[in-house]
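When you number the sequence shown by my numbering, it's gap-free, plus one each residue, and the end is 192. Every residue, glycine too, gets a C-beta built ideally from N, C-alpha and C.
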Amino acid sequence: MTQEHIRVVVADDHPSVRENLRYLIDAETDLECIGVVKDGRRCIEMCRQLQPDVLVVDGNIPGPDGVAIALTVGRLLPRVGLVMYTLDTEMCALARRSGARVGCVPKDAPYEYLVRSIRQAAPNRSAAA
């Protein structure tokens, strides 16, 4: 392998979304889903433990919500790229107004848009990657 995979954690409270994202991410040659979680508390713990390159988080996840997670992970693990994947785009705007460095992808966007956002959020990656 000439380059390392972009290591991704997915946090979403819906089992089908989590597993579909795991499958779709792992199907990409340069991405690897290293963990999935269903709530905010476990999300922060998993990020601390696994140190992913990118966290894909649902804005309305239970526990600390996506905004709180983005702020916490951004503070504790500043090299982790953040992508909020949500139906509630206002959550993205709130996260940004609160100071989080987060990319935003609506859940109804084409899957390719999410993949591109993951690649762009990864540290030391260019937008053309």
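8 angstroms Cβ cutoff met for Gly166 and Leu139: no
Residue burial classification, Pro125 (beta-carbon count within 10 angstroms, cutoff 16): exposed
For Gly98, three-class secondary structure by DSSP: strand
Unbroken alpha helix (DSSP H) run spanning Arg160, endpoints: 152-160
Residue span of the beta strand (DSSP E) that contains Pro169, given as start and end: Residues 166-169.
Beta-carbon separation (whole angstroms), Ile69 vs Asp89, contact threshold 8 angstroms: Not a contact, Cβ separation roughly 12 angstroms.
Identity of the residue in Met154, Leu118, Pro186, Asn123 nearest His77 by Cα: Asn123
Helix, strand or coil at Thr92 according to DSSP, with G and I counted as helix: coil
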